[in-house]
Amino acid sequence: MIVTLTVNGELRSASVPPETTLLVMLREHLHLTGAKTGCDVGDCGACTVIVDGLAVNACLMLAAQADGRTVTTIEGLATREGLHPLQKVFEETGALQCGFCGPGVIMTSKALLDHTPEPTPQEIRTALTGNLCRCTGYVKMIEGVQEAAAMMRSPQSPALAGQSPALAAPEQK
Amino acid sequence: MKRRGRGLASMWYPVGFTVAANPSGAVVKVNEDGTAVVLTGTVETGQGALGVLSQIAAEALGIAPNDIHIVSGDTDTCPMDTGAIASRTTYITGNAIAAAAAMARDTLFEVAAGMLGVKASQLEAKDHKIQVKGFPARNVPIADVALRAHIVNGTPPIGSATWNPPTVPLDPETGQGKPFGTYVYATQIAEVDVDDETGEVEVLRVTASHDCGTAINPMLVEGQIEGGVFMGLGFAVQEEILFDKQGKQINCNLTNYIMPTTLDMPAVECDIVDSYDETGPFGAKAVGEPSLVPTAAAICNAIYDAVGVRIMSLPATAEKVLAGIKAKRAAEQKQIPA
Amino acid sequence: MAQDLMDRELDVLDKERVAPVETLRRSDEALRLPAVAPPTALPLEPPLVPQVGEQTRAVGLRAQRPDSRNHGLGLTRYIDDIALPGMLFAKIKRAGIASARIKRIDTSRAEAMPGVCAVLVGSEIPVNSFGPSLQDQPLLAHPIVRHAGDGVAAVAAVTEQIAQAAIDAITVEYEPLPGVYDALEALKPESYKVHGGDTNVYASKVIKRGDVEAGFAQAYRIYEGRYYTPGIEHAPMEPFTSIADWDANGRLTIHASIGRITLARCDLARTLAIPISRIRVIGTVVGGNFGGKNEIRHEPVLALLAKKAGRPVKGRFNRVEEFVASTIRHAFHMDYKTGVTKDGRLIARQVRMVLDGGAYCSFSETTLGKACILSTGPYEIPNSLAEGYVVYTNKTTAGSMRGFGAPQVCFAYESQMDEIARDLGIDPVEIRLRNMFREGSMSSTGQVLHSVKVKESLENAVKKFGWEVQS
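Protein chains in written order, with the working numbering: chain A, 1 to 173; chain B, 1001 to 1338; chain C, 2001 to 2471.
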């Protein structure tokens, strides 16, 4: 069957078997390997992408369910002009170690910040509870999301200058 | 009601294999512009090894960490390395790289000696320059020296070295001997709240003070400590592989094998002990594995402090703690008041 | 479940039927182009700002990790992100029974399935055993199954789904054998012997210093306790993944998430019976190790499947295999007996420990050795005796895991230390200070210790935490 998505701001179609998950479509058909296969049953969050503004486990969503929707993956976060503040802060503080959970953690955090620009540490912890990490103890991630939120709130943030309109926070449905 | 408790635990931990040889080899090649490529057989497994190793190579060559490119983890191109195991990378691979870098640097000194009109032994490498010790104004940029070494002198600066920690085999009867090159030490203190009606343990904060020799990169050391406390927390209160009577695992997935999430993680206060081990590269030892060693004991001692229940078998689940609280109450009721 | 899937499929079909013509046309046009997603924008800013200034050392810098840019952009290439042209996908059938003899394996239905390119059983492996100290572990069990996670057959097929279906189509006939599922049971003479012979004990260790009985005789008080710690899964976020690829000269390249590539290469050469020079192991970025990725797992199986099929083969454990077919942390049973003087000095300590090694040796000897050496804790104890044993059981193999036995013995020795402190009415900080190693102390193996910083770590932690020592 044919599935058409807006991926990272551009329309793309692929012909996939009906049982294909969104994760497999992204990784194997669109060659976007940023979202990872950690458990394939929705426990670990390594496959998190944003679909119409909400963070979802791409391994639990059929590609067909995402047909016609807007999908943002980790590959679509940065622009030529700059990194997303989350990427920047995570990079500077060493918030990721082996990095396998990283794309999921960053996408979950982005979805949170899109809807909650000033999250409390508890809100960050709650949002990230579905993203397992075995290396870091989450400490620098939680601090990093707070720091990125502060950067995004300050209007002169250079990191924001590069945000393309396609990636601006979508309106909530 | 919630009862607060605190507990502490100290530990020691060795670096590298027990007696068995666990060598590392390294090759350091200085390029024509004074940057360098390092070949190592170790593998980046997330701990930040390649960052630490490039800092060690940079320090030895007097250049910046991002002037170093590391080629790793390929048996065709890299010298033998025992690998990312036993917290040995910084100490053992680091020593091999430091020695290989020093060998390449010696070639640079030979070339620079001619350029500066001094003996090679009078030189040092610092801030992208080869300079005369005590007279830093007399210097040549490392890039100029490296280029000259390649295209004028015909002595490309390449160093190679291996390192293996010195050990003495253990006596088979008594186990006496010198099994390891060096050890690291640590103390962690945990603060917990225990709900005496449910037995639930909430770990509020862990203070972790670790000796790792020189911290080559304190940010990465903190990352290891935070991750170690996380893993120790799981060991202490959550994680256990359960088997049925026929030896089959019954919680073999991430839904039923419970490990800490963001909601379980306590605040971690890291402290890096001022320390220098003269057998390590620039005084460094290790931190990878040790960071999780004392956590469970500290948490269980804190549980005792809070509710007087001694945990003898891990994990300290709410069921176990509550059973302990009930048993303690029952025992207290049986006692005849004095 | 099947009904549910079918409903979903029908839904999708309905949707296709009612899709507006323009959408279909648009999709159709899009499909003429390769379905490649827009590229990741690589920011112009340099990834690593030079951080070394005038007279600044590189050592001690909070420098950025060289891999953090790729991590953040999702561009770090783990093995599962690599696809070679024509690559097949492998699956391994797990025994699902902990102790049995394989009577017959019927792979005919699997072999006949369209899309299946190669099938492998244990008897076809040149040298079907590996292990870092004892080579007692088969790659695919043959004929004895020793734990439920043992592989019994493997398939390479054009897709993961077909490989899975083929695995399900393989039938194995077992003759169930008795088993032993508890480490203390396994010590008994009458227990089932996992590897035959007359004992399940396959490694033991003694570390002896001074005269422990004389020490106990002088003790003011003696404390005894039995401690237990369970098996733990490494649970790295990246499951075991490898790719095997042969070239026309019969040279094998293995892409593996393994932290010890030279050991892996030796094991591959041994099991495949080919020279080391014909093997290249590339250890890609490992997505979490914690000791679990220190030896080969399924790589020779993938290599043999790739050889049979004439195409590269990728194998990726699913999360359940990650638990049942990898190694775990050893469960420890520990008896601690410690004699102390009135002022809280440890004068004698006897430790006996039994480790549950599971079905195969793996890194058990190292784990046992480290645990015995470290079992005294960071304390000067003039008389100590540690004895340890590892036993086979018909359970998941225990191997190396972050700490090699140290977290287990630390739980025991520090729990007992707390008990002693409370019983003697000495502050837990104070009792440790009285016993701790100092520069030049002798360890349990008689090693003279240098750069000893345990007292400093205690003092720093106490200060940072705000612990007020009761004197």
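Note that the Cβ used here is the ideal one computed from N, Cα and C, for glycine as well.
Host beta strand (DSSP E) of C:K2464 (start-end): C:K2464 -> not in any beta strand (DSSP E); alpha helix (DSSP H) instead, spanning V2454 to F2465.
6 Å CB neighbourhood of B:D1067 in its chain, flanking five on each side removed: Answer for B:D1067: T1035, listed in chain order.
Short CB-CB distance (under 8 Å) between B:Y1091 and chain C: no
Where the beta strand (DSSP E) through C:Q2350 begins and ends: Its beta strand (DSSP E) spans residues L2346 to D2356.
Own chain, CB closer than 8 Å to B:M1001, minus 5 neighbours either side, in chain order: D1195, D1196 and E1197
Residues that A:I124 contacts on chain C, provided the C-beta gap is smaller than 8 Å: Going along chain C, no residue has its Cβ under 8 Å from A:I124, so there is no contact; the nearest lies around 17 Å.
Element boundaries [beta strand (DSSP E), containing B:T953]: Here chain B comprises residues numbered 1001 to 1338, so residue 953 of chain B is not present and cannot be evaluated.
Buried/exposed call for A:P165, threshold 16 Cβ in 10 Å: Below a pLDDT of 50, predicted positions are generally treated as unreliable, and A:P165, at 39, falls in that range; no measurement from the model is reported.
Interface partners of A:Q97 on chain B, CB under 8 Å: A:Q97 reaches chain B at G1046, Q1047, G1048, G1223 and G1227, counting residues in chain order whose Cβ is nearer than 8 Å.
DSSP beta-bridge partners of B:K1129: B:K1126 and B:P1141
B:T1207 - containing alpha helix (DSSP H), residue span: Element bounds for B:T1207: not the alpha helix (DSSP H) but the beta strand (DSSP E), V1201 to H1210.
Beta carbon of C:L2268 nearer than 8 Å to that of C:E2295: no
C-beta atoms of C:Y2336 and C:V2351 nearer than 8 Å: Yes, the Cβ-Cβ distance between C:Y2336 and C:V2351 is below 8 Å.
C:R2434 in three-state terms, based on DSSP: helix
Contacts of C:G2231 in chain A (Cβ-Cβ under 7 Å): Within chain A, no residue comes near C:G2231; the closest Cβ sits about 16 Å away, beyond 7 Å.
Every unbroken beta strand (DSSP E) within the region 2216–2301 of chain C, with a cutoff of 3 residues, ordered by chain: 2221–2229, 2241–2246, 2252–2256 and 2279–2283
A:Q122, buried or exposed, once every other Cβ within 10 Å from all chains shown has been counted against 16: exposed
Three-way DSSP call (helix, strand, coil) for B:E1059 in this model: Of the three classes helix, strand and coil, the one that applies to B:E1059 here is helix, per DSSP.
A:T129: contacting residues in chain B (beta-carbon distance under 8 Å): T1261, T1262 and L1263
Straight-line gap, B:E1239 to B:E1124 (C-alpha atoms, nearest Å): 52 Å
Inter-stretch contact at 8 Å, needing at least 3 Cβ pairs: the region 2387–2399 of chain C / the region 2419–2432 of chain C: no
At least three beta-carbon pairs within less than 8 Å, the region 1288–1303 of chain B to the region 2397–2415 of chain C: yes
Counted within 10 angstroms of its Cβ, other Cβ atoms place C:P2236 as buried (16 or more) or exposed: Answer is buried; the Cβ neighbour count reaches 16.
Rounded C-alpha distance that separates C:Q2051 from A:Q97: For C:Q2051, the pLDDT reaches just 47, beneath the cut-off of 50, and the residue's location in the model is therefore unreliable, although a value from the coordinates is still provided. Each residue's alpha carbon lies about 20 Å from the other.
CA-to-CA distance, A:G34 to C:G2179, given in whole angstroms: 44 Å
B:E1044 - DSSP class collapsed to helix/strand/coil: coil
Per-residue contacts from B:Q1055 into chain C (C-beta, under 7 Å): A2058, V2059, L2061 and A2063
CB-CB length for A:V71 against A:V105, believed under 8 Å: No, A:V71 and A:V105 are not in contact; Cβ-Cβ is about 18 Å, not under 8 Å.
Close Cβ partners of A:Y138 (< 6 Å) along its chain, the five nearest in sequence each way excluded: none
Contacting positions in the region 2352–2365 of chain C - beta carbon closer than 8 Å to chain B: none
Beta carbon proximity, B:A1243 to chain C, threshold 8 Å: In the sequence as displayed, the identity of residue 1243 of chain B is Phe instead of Ala. Judged by the 8 Å Cβ criterion, B:F1243 is in contact with chain C.
Bridge partners - B:F1135, DSSP secondary structure assignment: B:V1132
Contact set between A:D43 and chain B, taken where Cβ atoms lie within less than 7 Å: Per Cβ cutoff of 7 Å: N1253, L1254 and T1255.
Simplified DSSP assignment, three categories, for C:H2333: It is a strand residue.
C-beta contact flag for C:G2151 and C:R2094 at 8 Å: Taking 8 Å as the Cβ cut-off, C:G2151 and C:R2094 qualify as a contacting pair.
Contact set between the region 1130–1144 of chain B and chain C, restricted to residues whose Cβ is under 9 Å from the partner: P1136
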